[in-house]
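Residue numbers (my numbering): 174 to 317.
Just below is one structure, and these are the notes that go with it.
In C-alpha cells:
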C-alpha cells in the first residue's frame, strides 16, 4: 500500500523490535519541546543516534527516545531503558524545512486518524522518527 497526499507519502510498514533509552514527559507540545534539548544533552555526541518520540496518548505520556547503540557499552546516560516490541504501522513521511516541518505534525496525525480510524490499534504508541533535519516520519499503529 502506498498513497501520496499533500503532506507526504503514506506506506504500510513493519516496525521491528527496538531497544530504547528514554525520558518520559507529559504529552503536550510544550513539554515535548522542552524535553528534546535536555534529552539530547545527556549524550556525549548525537552522531549515529536515531531519535524517536513515542506518544502514549491513552496514558497522556510522551517518551523522548534514542535507540541503544552498540558503542553505548551498556551506559544509560542517566536515562531509563525499555524494549519496544514493534508492530504494523502506517507511516506518513513529512519532508519540509523547520519550522514548517513541526507545524505539519498535528495535521499529519489528524489526516491519519480521519482516514484510518477503524484500523488504528490504540494499544500501541504513535511514533515520530526524526530521520533528518527536514524529514520526520509520523507512524500510527494499525491492526494486522
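Backbone N, C-alpha and C fix where the C-beta goes; we use that ideal spot for every residue, glycine too.
Being a predicted model, the structure only gives us computed values, none of them experimental.
(request) Have a look at the DSSP bridge pairing and note the partners of residue 264. (result) Bridge partners of residue 264: 184 and 312.
(message) Which residue marks the beginning of the beta strand (DSSP E) containing residue 199, and which one marks its end?
(response) For residue 199, the uninterrupted beta strand (DSSP E) segment begins and ends at 191-199.
(request) Compare the C-alpha of residue 198 against each of 234, 289, 218 and 253 and name the closest. (result) Comparing Cα positions, the closest option is 234.
(message) Quick check: residue 300 and residue 225, are their CB atoms within less than 8 Å of each other?
(response) Contact flag set, yes.
(message) Check whether the segment 179-196 and the segment 244-257 are in contact - that is, three or more C-beta pairs closer than 8 Å.
(response) Pairwise C-beta distances place the segment 179-196 in contact with the segment 244-257, as three or more of them are shorter than 8 Å.
(message) On the criterion of 16 or more Cβ atoms from any shown chain inside 10 Å, does residue 219 qualify as buried, or is it exposed?
(response) Per the 10 Å Cβ criterion, exposed.
(request) May I ask which residues mark the beginning and end of the beta strand (DSSP E) holding residue 226? (result) Residues 224-229.
(request) Output the distance between the C-alpha atoms of residue 264 and residue 211, rounded to the nearest integer angstrom. (result) Spanning the two alpha carbons is a distance of roughly 27 Å.
(request) Round the Cβ separation of residue 292 and residue 316 to the nearest angstrom and send it over; I've been treating them as touching at under 8 Å. (result) That pair is a contact at about 6 Å.
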